[in-house]
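Peer 1: Mapped onto my numbering, the consecutive letters of the sequence shown carry residue numbers 3 to 606.
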Amino acid sequence: MAFDAPSRGETPSDPGISRTPDGRAVIHRRIPDPGGAHAGEAAPVFVYDPVGGGTLPQEFRRDGQAMPRPAPGAEASPGEAVYSPDGVTDAAPESFSSALGGVDPSLPPVTGPPGTAGDPTGPPTPGGPDSATGPGGPTFEDPRLGLGDIARPDRVTTGEERLDYRTVFDPSIVPFKRNRALDEVDVDYSLKVERRGFVRLAPIGNRLDPGHEAFWGSVLVDARAGQRVPLPSVSPESRILSYEATPPVGLVFEKDGADNFYVTPDATGRVRVVFVMDAPAGYFGRQLPTGLTPRDVPARLRPHPPAAIAREAVAVARLAGIDPAAPYDVVLNSLVGYFRAFEPGEPPPSASSIYRDLALGHRGVCRHRGYAFVVTAQGLGIPARYVFNEAHVFVEVFVPGPNAGWMRVDLGGGAERLVVHGGDDKVLHRPRTRDPFDRPEAYARGEMAGHTAGAVAVEGMPAASRRDFGTAGGSVDPDALPEAIRALLNRNIPRAPPPPPGSMRTLTRTSMAFDRAFVFRGEPVIVGGRVLDARGDAVTNGSVQVLLLYGRNGRAVALLGTALVDGEGRYAAEVRIPERQPPGDYDIVAEYMGTATWAPSVSP
């Protein structure tokens, strides 16, 4: 196979490049490397619909499994949660009532700050908030219900009967979906979101950096034009690769300082948002660097709890047998081991602040463990976040040093039953590396028994594997396709397609380049460029598809990938030359598909 290489920064005199007699570079198949930095990490292959096209892949393939695109319909599936500017609806079915201290399922869904009952601005309880007691016994607002910015601790430390979890991602990260993360300890002992600024997120296209994993996401949104809707995420460092909305509406993605994600639609109504999201593999487990201290944490991430609470946290750590002056990895491991050893049971005596009572009482389920862990860790200078969804609370901690980043930490829980909804068509995510922290006997016993979120019994868990798709990288065989598909693929691609007669659309021009000059079959390569109008101004929306052309007439034989155009006219996508594509005279072009405003164009 060959394509025109001089425009990619190559010259015929470059050494080590095989060429045809007229100077075009030959696309080779690389001999597999048995070693290397990423040996054993098979990058996913994004597979596209050659007829429908579109921004999203039809599926991606990883580790011998195919991950098909979620259904695009805007109808809710049984048990599915609906996200809105007010929070989550249908997230508290009747089955929750027994587990949540008598919460009445007939009440409106929790839409305000989680862990509050009404106005979160009321005066704090001296010594820290406490649970209320009603005629039916202890009641509380469970922080897992709702998507607000505050969580307050409670003293209902007994075990739970049933938890319900709604799957969003495939592979499924049950029970670790990030609905909300809180990162500040307040003077009243509550947890909240400290940094409220928003950063806009531009989709990066369907490509993965080394050491990252890909996930499908599918969320049903009750949209109000121009209002932010909280969006679940896989990790704090995740990125949106591509997305589609049904019905088609404009979407803006953002996240706040605690890395909570949001989507803002430009229309009102129910919308299905299907997206591809990545996450660094190190978030799920990594080795801890040794010899570091909290001073090695970047200044922007260092926690600043109130001084009195920080002093109390240091005292609690010492009473728990944790040396605050020990190296970062030792302190972190000791904290995780201590809070993983909690067990459900009667609440500890009310002897001091609720934080101190919970931390030293060694009693509670996931929300108590996570709360006391975050307060203690921040008091010791370790960035820690309290992360929750409708079924589980866990924490994430920042690990400084080489390959610095956030890491998810499960502290366990205490429920009789976890019911997973929407997992039938998904596969369970398996981290490549187990977290390095201590596993006390009770925690390890539950882990060995397959307990999830500390639940003794689990129903509806996604399957451990999905169908084998065979050898990855197969090419499109036009002769084996229906006539309609052959007609689409066999079309000739003009280098500068003119707009239709009478069209008022603005002419555009598309550029394209590779991130390398030497391309191998079956190996990923990043292509990117810009789409500009005739005056050189950026085209600010639309999509580009990357095509493999055959012969001098430029017949399209494969759709290699698609990418969104950002606000500066840029696009990028990771594509692969199909490994089984037969040798021949090929070229690769980027085709801007056009919009109602801008005309289509093809890269030279």
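The C-beta atom is built at its ideal place from N, Cα and C for all residues, glycine as well.
Output yes if chain D places a C-beta closer than 8 Å to the C-beta of T159; else output no.
Peer 2: Any reference to chain D falls outside this structure, which holds one protein chain only.
Peer 1: How far does the alpha helix (DSSP H) with T378 in it extend, from its first residue to its last?
Peer 2: Indexing the sequence shown from 1 puts residue 378 at position 376. It spans C368 to G381 - the alpha helix (DSSP H) in which T378 sits, taken as one unbroken run.
Peer 1: What would DSSP say about Y191, mapped onto helix, strand or coil?
Peer 2: Numbered from its first residue, the sequence shown carries residue 191 at position 189. The answer is coil: DSSP assigns Y191 none of H, G, I, E or B.
Peer 1: Could you tell me the distance, in whole angstroms, from the CA atom of V377 to the CA atom of A281?
Peer 2: Taking the sequence shown and counting its residues from 1, one reaches residue 377 at position 375. Taking the sequence shown and counting its residues from 1, one reaches residue 281 at position 279. Approximately 26 Å between the Cα atoms of the pair.
Peer 1: Can you check which of these residues, V187, R180, E239 and P212, is closest to L203 by C-alpha distance?
Peer 2: For the purposes of this step, residue 203 is identified with residue 201 of the sequence shown, where counting begins at 1. Closest option to L203, Cα to Cα, is E239.
Peer 1: Which residue comes first and which comes last in the beta strand (DSSP E) that contains F277?
Peer 2: Residue mapping note: residue 277 aligns to position 275 of the sequence shown, counting from 1. Its beta strand (DSSP E) spans residues G271 to P282.
Peer 1: Where does P212 sit, in a helix, a strand or coil, going by DSSP?
Peer 2: Along the sequence shown, one-based indexing puts residue 212 at 210. The answer is coil: DSSP assigns P212 none of H, G, I, E or B.
Peer 1: Cutting at 7 Å between CB atoms, please list the residues of its own chain near G75, excluding the five before and the five after it.
Peer 2: Position 73 of the sequence shown, counted from the start, is the residue given in the question as residue 75. Excluding residues within five positions, the ones whose Cβ falls inside 7 Å are T248 and R274.
Peer 1: Return helix, strand or coil for A536, following the three-state DSSP convention.
Peer 2: Indexing the sequence shown from 1 puts residue 536 at position 534. Coil, per DSSP.
Peer 1: Look at the Cβ atom of I356, then the Cβ atom of P59, and state whether they are nearer than 8 Å.
Peer 2: Here residue 356 is taken as the residue at index 354 of the sequence shown, counted from 1. Here residue 59 is taken as the residue at index 57 of the sequence shown, counted from 1. In this structure, P59 does not lie closer than 8 Å to I356 by Cβ.
Peer 1: Could you tell me how far apart the beta carbons of P349 and R157 are, in whole angstroms, since I believe they sit closer than 8 Å?
Peer 2: Locating residue 349 in the sequence shown gives position 347, where the first residue counts as 1. Locating residue 157 in the sequence shown gives position 155, where the first residue counts as 1. So it is a contact: roughly 4 Å between Cβ atoms.
Peer 1: Below 8 Å between beta carbons: does that hold for G213 and G293?
Peer 2: Taking the sequence shown and counting its residues from 1, one reaches residue 213 at position 211. Taking the sequence shown and counting its residues from 1, one reaches residue 293 at position 291. No. Outside cutoff.
Peer 1: Go ahead and pull the three-state DSSP assignment for S244.
Peer 2: Here residue 244 refers to the residue found at position 242 of the sequence shown. If DSSP states are grouped into helix, strand and coil, S244 belongs with the strands.
Peer 1: Taking DSSP's pairing of strands, which residues face G75 in a bridge?
Peer 2: Taking the first residue of the sequence shown as position 1, residue 75 is located at position 73. BP columns for G75 are empty, so no partner.
Peer 1: Report buried or exposed for P496, applying the criterion of at least 16 other Cβ atoms within 10 angstroms of its Cβ.
Peer 2: Taking the sequence shown and counting its residues from 1, one reaches residue 496 at position 494. Only weak support exists for where P496 lies, its pLDDT of 48 falling under 50; the coordinates are left without a value.
Peer 1: Please report the straight-line C-alpha distance between V223 and G462, rounded to a whole angstrom.
Peer 2: Numbered from its first residue, the sequence shown carries residue 223 at position 221. Numbered from its first residue, the sequence shown carries residue 462 at position 460. Roughly 24 Å separates the two Cα atoms.
Peer 1: At which residues does the alpha helix (DSSP H) containing E461 begin and terminate?
Peer 2: As a working note, residue 461 is residue 459 in the sequence shown. First-last for E461: A457 to E461, but that is the beta strand (DSSP E), not the alpha helix (DSSP H).
Peer 1: If you check the beta carbons only, do V367 and E162 fall under 8 Å apart?
Peer 2: Numbered from its first residue, the sequence shown carries residue 367 at position 365. Numbered from its first residue, the sequence shown carries residue 162 at position 160. The answer is yes: Cβ separation under 8 Å.
Peer 1: Near T597, which residues of its chain fall below 7 Å by C-beta distance, leaving aside the five closest residues on each side in sequence?
Peer 2: Within the sequence shown, numbered from 1, the residue matching residue 597 stands at position 595. So the list reads N543 and G544, once near-sequence residues are dropped.
Peer 1: Between which two residues does the beta strand (DSSP E) containing A560 stretch?
Peer 2: Taking the sequence shown and counting its residues from 1, the one referred to as residue 560 is at position 558. From DSSP, the beta strand (DSSP E) with A560 extends over R557 to L566.
Peer 1: What three-state label does DSSP hand P385 in the structure shown?
Peer 2: Translated into positions along the sequence shown, residue 385 becomes position 383. Coil.
Peer 1: What span of residues does the beta strand (DSSP E) with I590 cover, start to end?
Peer 2: Along the sequence shown, one-based indexing puts residue 590 at 588. Element bounds for I590: Y588 to Y594.
Peer 1: From the DSSP output, in three-state form, read off D579 for me.
Peer 2: Within the sequence shown, numbered from 1, the residue matching residue 579 stands at position 577. A quick correction: the sequence has Ile, not Asp, at residue 579. Note: I579 maps to strand in three-state DSSP.
Peer 1: Once you ignore the five residues that flank F255 on each side, which residues in its own chain have a CB closer than 6 Å to its CB?
Peer 2: The residue labelled residue 255 in the question sits at position 253 within the sequence shown. For F255, where only same-chain residues beyond five positions count, the Cβ hits under 6 Å are L203, I242 and V265.
Peer 1: To the nearest angstrom, how far is it from the Cα of R493 to the Cα of R71?
Peer 2: By one-based count along the sequence shown, residue 493 stands at place 491. By one-based count along the sequence shown, residue 71 stands at place 69. Note that R493 has pLDDT 45, beneath the 50 cutoff, so the model's placement of it is unreliable and the number below is only indicative. Answer to the nearest angstrom: the Cα atoms are 27 Å apart.
Peer 1: Three or more C-beta pairs closer than 8 Å, one from the segment 228 to 239 and one from the segment 168 to 185: is that the case here?
Peer 2: Result yes; three or more Cβ-Cβ pairs closer than 8 Å.
Peer 1: Just the C-alpha distance for R557 and E593, rounded to the nearest angstrom, thanks.
Peer 2: For this step, residue 557 is matched to residue 555 along the sequence shown. For this step, residue 593 is matched to residue 591 along the sequence shown. Spanning the two alpha carbons is a distance of roughly 13 Å.
Peer 1: Taking DSSP's pairing of strands, which residues face G531 in a bridge?
Peer 2: Along the sequence shown, one-based indexing puts residue 531 at 529. G531 is bridged to Y573.
Peer 1: Is it a yes or a no for the segment 421 to 437 touching the segment 324 to 333, going by three-plus beta-carbon pairs under 8 Å?
Peer 2: Short answer: they don't touch.
Peer 1: Taking C-beta to C-beta, are A310 and L382 nearer than 8 Å?
Peer 2: On the sequence shown, position 308 is the one that residue 310 refers to. On the sequence shown, position 380 is the one that residue 382 refers to. No. Outside cutoff.
Peer 1: For the beta strand (DSSP E) that contains G89, what are its first and last residues?
Peer 2: As a working note, residue 89 is residue 87 in the sequence shown. That run of the beta strand (DSSP E) goes G89 to T91.
Peer 1: DSSP beta-bridge partners for E609?
Peer 2: Nothing about residue 609 can be reported from this structure: the residues present for the chain run from 3 to 606 only.
Peer 1: Using alpha carbons as the reference points, say which of E570, T91, I152 and D587 lies closest to A78.
Peer 2: Here residue 78 corresponds to residue number 76 of the sequence shown, with the count starting at 1. Ranking the options by Cα distance to A78, first place goes to T91.
Peer 1: What are the boundary residues of the beta strand (DSSP E) that R511 is part of?
Peer 2: As a working mapping, residue 511 is identified with position 509 in the sequence shown. That run of the beta strand (DSSP E) goes T510 to T512.
Peer 1: Helix, strand or coil, according to DSSP, for V286 in the structure here?
Peer 2: Here residue 286 refers to the residue found at position 284 of the sequence shown. The question names Val, yet the displayed sequence has Phe at residue 286. Three-state DSSP puts F286 in coil, outside helix and strand.
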